[in-house]
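Colleague: Sharing a structure here in structure tokens format.
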Amino acid sequence: MKKLLCVLLGPTAVGKTACALEIARYFDIPVVSADSRQIYRNMAIGTAAPDPDDIRGVRHFFIGTKDVTGHYSAGQFEIDAIEVIEELFDTSDIALMTGGSMMYIDAVCNGMDAVPEADPETRAHVAEIYAEEGLDKLRGMLKLLDPDFFAKVDLKNHKRVMHAIEVCLQTGMPYSKIRTGKKKQRGFDILKIGLQLPREELYERINIRTDKMIAAGLEDEARKLYPMRECNALNTVGYKEWFDFFDGNTASREDVARLIKRNTRHYAKKQMTWFKRDTNIHWFAPGDTDKIIELINTELWTRKQD
1 MKKLLCVLLG PTAVGKTACA LEIARYFDIP VVSADSRQIY RNMAIGTAAP
51 DPDDIRGVRH FFIGTKDVTG HYSAGQFEID AIEVIEELFD TSDIALMTGG
101 SMMYIDAVCN GMDAVPEADP ETRAHVAEIY AEEGLDKLRG MLKLLDPDFF
151 AKVDLKNHKR VMHAIEVCLQ TGMPYSKIRT GKKKQRGFDI LKIGLQLPRE
201 ELYERINIRT DKMIAAGLED EARKLYPMRE CNALNTVGYK EWFDFFDGNT
251 ASREDVARLI KRNTRHYAKK QMTWFKRDTN IHWFAPGDTD KIIELINTEL
301 WTRKQD
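At position 254 of the sequence shown (counting the first as 1) the number is 254 in my numbering, and the numbers step up by one without a gap.
Laid out in structure tokens, this is it:
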């Protein structure tokens, strides 16, 4: 029988953690996290990392395992997560992965192109150009180096523009020629399960969770991380807004809370736009755990008959 990876996904604050815990306890299996920020240490409050008391008895992978100063990519997550998932299949026919990071989920389900990482010198060179001459200069460079990718990329996203230039300079090839987009074949089947809520209900959950984060000490957590604010891991909603406040660019703590809520809503909308493109996702409400477990059992039974 082919093994089954269940992928529980959805927008931020929709209730993935609680649902994943019910599924994990029912099948007596661990949880593989696909969250590009919960993987970092010392960011537990701002990333809504699972509370140790809540997840007691359920083993979790990729929670608080990386330092915020380190570089970690979706491509590396693909390698690390596939290794863990394959090991889990040694003792079970089913594995569970959950998260809302679109690129991390795609990396495991579809695979990433083997895009080479830029060396520190190239990365520092591109960063220096950005710091001294701005995004317009980088856009001009990308247009010359890779006009095809220039026509597709979000030119307001300086990190994507910078990454493409780094790869072009590192390899001497256009970034678009290296990105094949070809789906990789896995040694297991994938069942995608999505959680969704009406927009207003989701937004209310985001507002409530933000207030709870602030009450739990998000400001203090952000202040401790402030000296490392240039790290990519901290280019994250919930921290950027506090960093602006510490820099004197935001008038009050009330404004910080309002901005975090607004920016989190924007991110949730972006997540849902991404996920809705995937017609293979089975959608449920967060409270439909019994129905989700029934679907998983049906998929497992079907594979046993094949």
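For every residue, glycine included, the Cβ atom is placed at its ideal position computed from N, Cα and C. Note that the structure is a prediction, hence the values are computed from the model and not measured.
Where does D189 sit, in a helix, a strand or coil, going by DSSP?
Modeller: In the structure shown, the three-state DSSP call for D189 is strand.
Colleague: Specify whether the region 23 to 40 and the region 58 to 67 touch according to this definition: at least 3 beta carbon pairs, one from each stretch, less than 8 Å apart.
Modeller: yes
Colleague: Using beta-carbon positions only, say whether V126 and I178 come within less than 8 Å of one another.
Modeller: no
Colleague: Starting from H282, trace the beta strand (DSSP E) in both directions and tell me its first and last residue.
Modeller: Its beta strand (DSSP E) spans residues 281 to 284.
Colleague: Taking C-beta to C-beta, are E299 and L88 nearer than 8 Å?
Modeller: no
Colleague: Distance, Cα to Cα, F243 vs D148?
Modeller: 36 Å
Colleague: Can you give, in chain order, each stretch of the beta strand (DSSP E) that sits fully within the region 185 to 269 and has at least 3 residues?
Modeller: 188 to 195
Colleague: Tell me whether I296 is buried or exposed, calling it buried when 16 or more other Cβ atoms sit within 10 Å of its Cβ.
Modeller: Buried, since its Cβ has 16 or more Cβ neighbours within 10 Å.
Colleague: Check T47 in the structure and name its three-state DSSP category.
Modeller: coil
Colleague: Less than 8 Å separating the beta-carbons of M213 and G46?
Modeller: yes
Colleague: Go through its chain and collect everything with a Cβ distance to K184's Cβ below 7 Å, but skip five positions before and after it.
Modeller: N110, G111
Colleague: Does DSSP classify I94 as helix, strand or coil?
Modeller: strand
Colleague: Give the secondary structure of K183 by DSSP, where H, G and I count as helix, E and B as strand, and everything else as coil.
Modeller: coil
Colleague: Take D35 and list the residues in its own chain whose beta-carbon comes closer than 6 Å to its own, dropping the five residues that flank it on each side.
Modeller: G99, S101
Colleague: Distance cutoff 8 Å, beta carbons only. Does V84 sit that close to anything in chain D?
Modeller: Here there is only one protein chain, and chain D is not present.
Colleague: So which of I281, K2, Y26, F150 has the shortest CA-CA distance to D290?
Modeller: Taking the Cα of D290 as reference, the smallest distance to any Cα among I281, K2, Y26, F150 is reached at Y26.
Colleague: Which runs of the alpha helix (DSSP H) spanning at least 4 residues fall entirely within the region 105 to 174, listed in chain order?
Modeller: 120 to 145, 147 to 150, 158 to 171
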